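K.L.:
These protein sequence lines map, in sequence, to chains A and B. Under our numbering, the first residue of the first sequence is numbered 4, with each subsequent residue one higher. Under our numbering, the first residue of the second sequence is numbered 141, with each subsequent residue one higher. Every residue gets a Cβ at the ideal spot worked out from N, C-alpha and C, and that includes glycine. Here the structure is a predicted model, which means the values were calculated and not measured. Quick one: this structure, given as structure tokens, is what I'll be asking you about.
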Amino acid sequence: MNFSELTQAALLGTGRQAIAIAAGESELGRLLAQLDWNRREEALLAAAALSGLHEATGQLPARDTAPAPEPCAGEELPRLSERAGSLLLRLLGGDFPELLPECLRRCARAGQLPFPEALPALLTTGLARAELRADILPVLGRRGRWLAAQNPDWAWAIGATADDETIWHVGGGGARLLFLQRLRRTNPARARELLTSTWKDETPEDRAGFISILETGLTLEDEPFLEAALEDKRKEVRRNAAALLAQTPGSALNQRMTDRVAPLLKFVPGESGKLKKSKPGSVEITLPGECDKAMQRDGVEPRPLTGFGEKIWWLIQMLEMTPLDFWTTKWNAAPAEIVAASLPGEWEKEMFEAWTRAAVRQKNAAWAGSLFSIAVRTKQVTRLAGLVGAMSAPQRELLFTPLIDADDGQAGEIQGALVHCCQHEWSPEFSRTVLKWLRKITARQSSDWQLRGQFKGFAAHLAVSTLNEASGGWPTDATSWEFWSKGVDEFLALAQFRSDLHAAFPSSNPSTHHLI
Amino acid sequence: MNETCAWGAIQGSGRDPYQTSIDLAGPAFKCTCPSRKFPCKHGLGLFLIVAQQPDSLTEKQPPAWTTEWLSKRVEKEEKKIAKAAAPETPPDPEARKKSAAAAEKRAASREARVTAGLDELSVWLNDLVRTGFATLPGKPSSFWATPAARLVDAQATGVARRVQALDGITTTGDRWPARLLRETSLLHLAREGWSRLAELPSGTQADLRAAIGFSTSQEEVYAQPGVQDQWLVLAQCLEQEERLRVQRTWLFGSHSKRFALCLSFSAAPNQPLDVSLVPGTQIAAELVFFPGTRPLRAMVRQRQGSPEFSPPQLPHASVAEASAFAAACLTGNPWLERVPFALARVTPMPRAQGWMVRDDAGQCLPLETSESQAWTLAALSGGRPVGLAGEWNREAFRPLSVWAEGRFLRL
């Protein structure tokens, strides 16, 4: 009786059936025959012990004949240092999540690959967080791509780096998106051609995702495709197409929009009086009469946002889509002058909204700078992030430094918001300005919950060369210290980690990596 | 810092800096601070510096306060060994006789309890087989916990643990009836063996006593002849058993070709586990083995020098060799729950039925791992053979350590 027959008997129970003994002539059979089968339960257990052990010790390993995956080719690039490798593993394990992109870029710049044990976590991170994929791909190496090819979850990483266009026709959504992004950077015309060739078969979601990729390398050549997309069934696609056309100098939509708004605004220049007080300029506003089909086709939404009148809302949208430079050229006036002239009066809030939206959308640094000063003066903290995003790093630092320097450690709200939305890697000078201000605030201000919450994040932007200066000079004896110490400790821990991280890579000229 | 120790003067809240030393072979800590935490924050801080910035500790000659402490440690260690080797003899033969008699009485009473407990277990087992395993799925936890608790009362803790482990076995897939029959038949075998213990060979007696839950005293183990060897620390794992944390460390002797298992237990969260055996390293040491047919469980009696990293010579050249080794171990001790495998060249592969490792001859073992561990293993291998050490549980191989591309990693 073998083990599986005994198992069957045990499953049914000896109470319901007699057990047939087939002892056999083998050594095992002779042993089984010695059992007292009148005591069924004990005999069955003893037989199972004997035959189970007999089978376990005589078991031959299974044979596998399925083809083995092709071994991975050796890497061309060197591996990270042990230290850098272990820091990356800590980041992948969830420490300091804000530093993962910086670490990945540092690896890529050093031309070094992570240790293989980091690859599954990297591929899984890329699956969940699509925004990190572009940073993950360059450090996967051959081993990472070899691994990704064996797990359907990691398909996003396959082909994303290949030059082969077949991925566009056979790949999954994520892989195709990455491929198109990459191709658009190197060969924008080919990317548009490929997109056009499959456009009618794409799902509405994919169309909405793909069309926004055209923002990279956008030219007038994209116009026919985008004009056609203005008729798309999905609203998101139509709006993206209109926004892209509005950004394209010389496009027909651009001209149509300009034609619509040009008669609605009239600029009266100010007079710089010599003896009398100078008179500021003004902008006279005429509201549009209707939102016709053509306007809607060009991306104007007829229903206003809460808090806005219908007609002024149409104007705001049209201004957002009209190049700001059109006004400066037409009226031969500086952005600051136009902003100052258009705000006073009935439509102050609405015009500020219109110009701000336009500056942010068009990433117009000069306009953003003028509007920024007003936002700071009127403490419109929620507006700052967008405007700061439209400015270049040096412009931001130039504007912010005096504001931050001037703060005596009492106010802090605007400054905190500024530093918070200043997401580029700061120059050493600006880093020191912020450090000085933070020390001042923590010494004089007894509490500021919002700032304490943002504190840690600031360390992610300090210039690498100033990380070692961060630890000293804190007002540890001040009465306010009890409130601030936790935030400062977290800030310093992050700064220390970054310092360790950069020290773990071969040194490079620091001037190459501030102000990205 | 030098090869054996690290030291530092650390400014704390006291007037004078604290003098902190670490014996790196232990590691063991010594500090002059008054903290009751052990190791104290100064020791840990210094240890972190040793681990992360060893270059910053440039001094090579230890100060007097470190060398004094180290030599005291060596003295203490020697005394402990001497004491273990020569068990104390009570001066008065009369008293000795008395205490021996008392011990014998205690032992006899425990054996009687175990006998009663196992008899009761036998009735329960027979009931299971009579009514049939098919009635078992869906039984409440108490169905298994009650007999287990009675075995704990009967001081048969090893058997109790095995009965408790049956809870949930009916949800372990299609093969659960075979698994349950295997486990119950081994319990039956333990009871049968116990009923005629004296007739069994001494090694089997020891295996069975250990399986039932009798412990062997440290003195008794230390009295065994030692095995001096260069021991490779193959693998380590930590498991939670009820409120007890159990750390298993597997070693392999490069000359004796013997495997050894060192256990460390922690009953409370702040009770530290033994950290002196670092997987991937080799140590010169003398081990003493617990008695048994094919002794595996061991303790380090004495170690020499500091651990070294060196490329290992893993003993199992093929899956067939490892399987033959498992068969030999199980033949000697059928109650053995885990057999150490140290495979020199296997390649991990995903298959429809789960992950496995395959050797050059095409023979394979199913793996017991989490998905993420398996993918880490695949990443480390890159489709090429790696060295793997771990535990075979009769059904699957649980990898714990990997040697790949000249590197060692714990999974």
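Grab me the residues of B:Trp334's own chain with a C-beta within less than 8 Å of its C-beta, minus the 5 sequence neighbours each way, in chain order.
P.N.:
Val254, Thr255, Leu258, Leu348, Ile352
K.L.:
Would you identify the three-state DSSP class for A:Ile341, choosing helix, strand or coil?
P.N.:
helix
K.L.:
Measure the C-alpha to C-alpha separation of B:Ile240 and B:Leu378 and round it to an integer number of angstroms.
P.N.:
The sequence shown places Ala at residue 240 of chain B, rather than the Ile named in the question. Cα to Cα, B:Ala240 sits roughly 37 Å from B:Leu378.
K.L.:
Closer than 9 Å, CB to CB, is A:Asp480 near chain B or not?
P.N.:
no
K.L.:
Identify whether B:Glu426 lies in helix, strand or coil by the three-state DSSP scheme.
P.N.:
strand
K.L.:
Assuming B:Gln387 contacts B:Leu413 under a Cβ cut-off of 8 Å, what Cβ separation, rounded to an integer in Å, is found between them?
P.N.:
5 Å
K.L.:
If you follow the beta strand (DSSP E) that A:Glu547 is part of, which residue opens it and which one closes it?
P.N.:
Since the first and last residues shown for chain A are 4 and 519, residue 547 of chain A lies out of range.
K.L.:
Could you check whether the Cβ of A:Leu186 sits closer than 9 Å to any Cβ belonging to chain B?
P.N.:
no
K.L.:
Rounded to a whole number of angstroms, what is the C-alpha to C-alpha distance between B:Glu208 and A:Ala466?
P.N.:
47 Å
K.L.:
Please confirm whether A:Asp67 has its beta-carbon closer than 9 Å to some beta-carbon of chain B.
P.N.:
Yes, because at least one Cβ of chain B sits closer than 9 Å to the Cβ of A:Asp67.
K.L.:
From the beta carbon of B:Met141, is the nearest beta carbon of chain A less than 9 Å away?
P.N.:
no
K.L.:
Enumerate in chain order the residues of its own chain whose CB-to-CB distance from B:Pro194 is below 7 Å, with the five nearest sequence positions on each side excluded.
P.N.:
Met141
K.L.:
For the candidate residues A:Leu31, A:Arg66, A:Gln62, whose alpha-carbon lies nearest to that of A:Ala50?
P.N.:
A:Leu31
K.L.:
Is it the case that the Cβ atoms of B:Thr160 and B:Leu186 are separated by a distance below 9 Å?
P.N.:
Contact flag set, yes.
K.L.:
In three-state terms, what does DSSP make of A:His516?
P.N.:
Model confidence at A:His516 stands at a pLDDT of 43, short of 50, so the residue's coordinates are unreliable and nothing is read from them.
K.L.:
Kindly provide the ranges of any alpha helix (DSSP H) runs that are 4 or more residues long and lie completely inside the segment 441-507 of chain B, ordered along the chain.
P.N.:
459-472
K.L.:
Beta-carbon within less than 7 Å of B:Ser446's beta-carbon, same chain only, minus the 5 sequence neighbours each way: which residues are those?
P.N.:
Within the same chain, Cβ atoms closer than 7 Å to the Cβ of B:Ser446 are found at Glu143, Thr144, Leu164, Ala165, the five residues on either side in sequence being excluded.
K.L.:
Applying a beta-carbon distance threshold of less than 7 Å, which residues of chain B neighbour A:Cys75?
P.N.:
Neighbours of A:Cys75 across chain B, judged by C-beta separation under 7 Å: Gly522, Gly523.
K.L.:
With burial defined as no fewer than 16 other Cβ atoms inside 10 Å of the residue's Cβ, what is the status of B:Phe429: buried or exposed?
P.N.:
Its Cβ being crowded by 16 or more others within 10 Å, B:Phe429 is buried.
K.L.:
Would you decide whether B:Val263 is buried or exposed? Buried here means 16 or more other CB atoms lie within 10 Å of its CB.
P.N.:
exposed
K.L.:
Helix or strand or just coil, what does DSSP make of A:Ser430?
P.N.:
If DSSP states are grouped into helix, strand and coil, A:Ser430 belongs with coil.
K.L.:
Does B:Gln503 get closer than 9 Å to chain A when you measure Cβ to Cβ?
P.N.:
yes
K.L.:
Can you list the residues of chain A that B:Ala467 reaches, using a CB-CB cut of under 9 Å?
P.N.:
Ala59, Thr60, Gly61, Gln62
K.L.:
Determine the DSSP secondary structure at A:Met260, reduced to helix, strand or coil.
P.N.:
Three-state DSSP puts A:Met260 in a helix.
K.L.:
Of all Cβ atoms in chain B, is any one closer than 9 Å to the Cβ of A:His516?
P.N.:
With a pLDDT of only 43 at A:His516, under 50, the local geometry of the prediction cannot be trusted, and the value read off the model is given with reservation. Closer than 9 Å: no.
K.L.:
Check the Cβ-Cβ distances between A:Gly460 and every residue of chain B, and say whether any is below 9 Å.
P.N.:
no
K.L.:
Hey, is B:Thr198's beta-carbon within less than 9 Å of any beta-carbon in chain A?
P.N.:
no
K.L.:
From A:Glu432 to A:Lys439, what does the alpha carbon distance come to, in whole angstroms?
P.N.:
11 Å
K.L.:
If we call anything under 9 Å between Cβ atoms a contact, is A:Ile341 one with A:Val422?
P.N.:
no
K.L.:
Got a sec? Which residues, its chain only, sit under 8 Å from A:Met260 by beta carbon, not counting five neighbours each side?
P.N.:
Ala249, Asp301, Met321, Met324, Thr325
K.L.:
Enumerate in chain order the residues of its own chain whose CB-to-CB distance from A:Gly1 is below 7 Å, with the five nearest sequence positions on each side excluded.
P.N.:
For residue 1 of chain A there is no data in the structure shown, the boundaries of chain A being 4 and 519.
K.L.:
Taking 7 Å as the limit between beta carbons, can you name the residues of its chain near B:Ala408, skipping five residues before and five after?
P.N.:
none
K.L.:
Taking the CB atoms as reference points, tell me whether B:Ser281 and B:Asp307 lie closer together than 9 Å.
P.N.:
yes
K.L.:
So with CB distances below 9 Å, who are the chain A contacts of B:Ser463?
P.N.:
Per Cβ cutoff of 9 Å: Gln62, Leu63, Pro64.
K.L.:
If we define contact as Cβ-Cβ less than 9 Å, is A:Gly475 a contact residue for chain B?
P.N.:
no
K.L.:
For A:Arg179, which three-state DSSP category applies?
P.N.:
helix
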